[in-house]
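Using the working numbering, read the sequence shown as starting at 1206 and increasing by one per residue.
Worksheet: one structure, shown below.
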Amino acid sequence: MKLLIGSDHGGIHLKEYLKKYLTDKGYEITDVGTYTEDSCDYPDYAAKLCAELLKGTTNKGILICGTGIGISIAANKCKGIRAAVCNDVYSAKMSREHNDANVLCMGERIVGIGVAELIVDTWLKTDFAGGRHARRVDKIMALEK
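Next comes the structure, spelled out in structure tokens:
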């Protein structure tokens, strides 16, 4: 499975760790940046990842900043994106099962390595439940119009 990943300078260490972790699990990772610890703006990397995601070569991406909040707000401004900040396993599960989130956002300053692994694993293995949740996701997506 192909995945996109990106971060600002506040999330670069967790991003680099997760790239290796996911590659070792057999995922094909495309990193949209940042590639240094130099201060940068998270909306730029949210926009890059979302633009790639919407091209359709993959249907999931992971974004990381200091808290996960700023980068998720930026990602959710992009049409077709349902980005969810998940700094715990239950939120990761529900973001996929009930909301069909296509972008997982986390905060490097909030989540440790072990919890990040559990969050990512849960998010990637959880399918969208559909049913009554599909109606709600359709209503969310209609807000873009």
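All C-beta atoms in this analysis are idealised placements derived from N, C-alpha and C, irrespective of residue type, glycine included.
Pairwise C-alpha distance: residue j and residue i
i, j, result
"residue 1337", "residue 1242", "43 Å"
"residue 1345", "residue 1271", "26 Å"
"residue 1223", "residue 1318", "8 Å"
"residue 1312", "residue 1239", "15 Å"
"residue 1289", "residue 1248", "15 Å"
"residue 1322", "residue 1282", "27 Å"
"residue 1333", "residue 1327", "12 Å"
"residue 1265", "residue 1314", "23 Å"
"residue 1355", "residue 1308", "There is no way to answer for residue 1355, as the model of the chain reaches only from 1206 to 1350."
"residue 1184", "residue 1299", "Past the boundaries of the shown model lies residue 1184; the chain is included only from 1206 to 1350, so the question cannot be answered."
"residue 1292", "residue 1236", "21 Å"
"residue 1178", "residue 1216", "Since the displayed the chain opens at 1206 and closes at 1350, residue 1178 lies outside it and no answer follows."
"residue 1287", "residue 1325", "16 Å"
"residue 1274", "residue 1331", "22 Å"
"residue 1343", "residue 1301", "14 Å"
"residue 1339", "residue 1348", "14 Å"
"residue 1245", "residue 1211", "12 Å"
Boundaries of the beta strand (DSSP E) in which residue i is found, first to last residue
i, result
"residue 1308", "1308 to 1312"
"residue 1319", "Careful: residue 1319 lies outside any beta strand (DSSP E), inside the alpha helix (DSSP H) at 1318 to 1330."
"residue 1345", "Note, residue 1345: premise wrong, no beta strand (DSSP E); alpha helix (DSSP H) at 1337 to 1347."
"residue 1288", "1288 to 1290"
CB contact check: residue i to chain D, cutoff 7 Å
i, result
"residue 1327", "Annotation note: the requested chain D is absent from the structure, which comprises a single protein chain."
Limits of the alpha helix (DSSP H) - the one that residue i falls within
i, result
"residue 1244", "It is not in any alpha helix (DSSP H) - residue 1244 carries neither H nor E in the DSSP assignment."
"residue 1334", "Residue 1334 -> no alpha helix (DSSP H), and no H or E assigned at all."
"residue 1275", "1274 to 1280"
"residue 1293", "Run containing residue 1293: none; DSSP gives neither H nor E here."
"residue 1240", "That residue, residue 1240, is in no alpha helix (DSSP H); it is neither H nor E in DSSP."
Residue(s) in a DSSP beta bridge with residue i
i, result
"residue 1267", "1210 and 1309"
"residue 1235", "1209"
**Study point:** Cβ pair count under 8 Å reaching 3, the stretch 1254 to 1264 against the stretch 1213 to 1227
**Key:** no
Practice item. Flag this pair as touching only if the stretch 1277 to 1284 and the stretch 1212 to 1220 have three or more C-beta atom pairs under 8 Å; answer yes or no. Key: no
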